[in-house]
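J.:
In structure tokens:
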């Protein structure tokens, strides 16, 4: 599977599991300078009405792990509630806001 197809599949999987989540692709894949061995970096922002429990996070991560196994491409996902993300200010959050692509 080619990288753009993997990104599309990620978007489909997350939308199916968490339809109200906002999934943002960031890092080298979003910038367009990913190499064949680069991971795919994601920020998954859950609606504030959800509880981010370990079980809920596992529910989101399990299909991503399966996709990693199928494709051989590492997927690095950060899962947060939207309000928690909006309260953070750091070089990391600024970069994600600047270069991130909403899937």
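In the UniProt record's numbering, the protein residues as written are 1 to 103.
Virtual Cβ for every residue (Gly too), placed ideally from N, Cα, C.
Since we're looking at a predicted model, the values are computed, not measured.
#1: What would DSSP say about residue 37, mapped onto helix, strand or coil?
#2: Does the Cβ of residue 23 have 16 or more other Cβ atoms within 10 Å, making it buried, or fewer, making it exposed?
#3: To which residues does DSSP link residue 43 through a beta bridge?
#4: Closest to residue 35 by CA distance: which of 17, 92, 4 is it?
#5: Buried or exposed for residue 72, going by 16 or more other Cβ atoms inside 10 Å?
#6: Can the beta-carbon of residue 47 be found closer than 8 Å to that of residue 82?
#7: With 16 as the cutoff for other CB atoms within 10 Å, does residue 100 come out buried or exposed?
#8: Residue 101 bridges to which residues according to DSSP?
#9: Closest by CA to residue 51, which one among 18, 74, 32?
#10: Would you please state the rounded distance, in angstroms, between the beta carbons of residue 66 and residue 74? I believe it to be under 8 Å.
#11: Taking the C-alpha atoms as reference points, what is the distance between residue 88 and residue 10?
T.: Inspection of the coordinates gives the following:
#1: When secondary structure is reduced to three states using DSSP, residue 37 falls in the coil class, being assigned neither helix nor strand.
#2: It is buried - the Cβ of residue 23 has at least 16 other Cβ atoms within 10 Å.
#3: 24, 78, per the DSSP bridge assignment.
#4: Comparing Cα-Cα distances from residue 35 to each of 17, 92, 4, the minimum goes to 4.
#5: For residue 72, the number of other beta carbons within 10 angstroms of its own is below 16, and it is reported as exposed.
#6: With a cutoff of 8 Å on beta-carbon distance, residue 47 and residue 82 are scored as near each other.
#7: Buried, since its Cβ has 16 or more Cβ neighbours within 10 Å.
#8: Bridge partners of residue 101: 25.
#9: Closest by alpha carbon: 18.
#10: Going by Cβ atoms, the distance from residue 66 to residue 74 rounds to 13 Å, so no, they are not a contact pair.
#11: About 25 Å.
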